[in-house]
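Numbering (our numbering), first residue to last: 285 to 441.
Just so it is clear, CB atoms sit at the ideal spot from N, CA and C, and this is done for glycine as well.
Predicted, not measured: the structure shown is a model, and the values here were computed from it.
Here the structure is laid out as structure tokens; the discussion comes afterwards.
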């Protein structure tokens, strides 16, 4: 049952089994991975609701951590800023004990890089074609000739 759920350690599994009083499975180490098919419908529903409160069913814990770091960056918190700079935000030493911070910072840096690329592509300035403007300015202007009224002469008189 716990094989597909990431984020559940052995301690969490034991707590879970004690909470729902599965003492038989605790005593027999062969049955630690018990299956839901043997349980009643009511117990299946309670287990399902319990697990759905603890975890997210659509995404793994690791993806949720990455999404949370992006959220912290977008709300401009101190932790988000520290992660964006590539530094640990929970007091780890920067020169030795910051491997997990570095690992999750790569995700945040990729997000920031892609976001800046999108913004730059939307805000591309139109280049001014100075040569074309110069041609338009220096183009000779044709003078308009004033039209003189033409008087027709009668030829038979």
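Supposed contact pair residue j and residue i - C-beta distance, whole angstroms, cut 8 Å
i           : j           : result
residue 304 : residue 331 : 7 Å
residue 395 : residue 345 : No, residue 395 and residue 345 are not in contact; Cβ-Cβ is about 18 Å, not under 8 Å.
residue 249 : residue 386 : Outside the displayed range of the chain (285 to 441) lies residue 249, so it cannot be described from this structure.
Residue i, buried or exposed, once every other Cβ within 10 Å from all chains shown has been counted against 16
i           : result
residue 375 : exposed
residue 324 : exposed
residue 433 : exposed
residue 480 : Past the edges of the chain, shown from 285 to 441, lies residue 480, and the structure says nothing about it.
residue 295 : exposed
residue 388 : buried
residue 373 : buried
Cβ-heavy atom distance, residue i to the ligand HEM, below 7 Å
i           : result
residue 421 : This structure simply doesn't include the ligand HEM, nor any ligand for that matter.
field: Uninterrupted alpha helix (DSSP H) stretches inside the region 318 to 398 (no shorter than 4 residues)
entry: 325 to 338, 345 to 358 and 362 to 369
- request: Tell me, please, whether the region 391 to 406 touches the region 353 to 369 by the rule of three or more beta-carbon pairs shorter than 8 Å.
  value: yes
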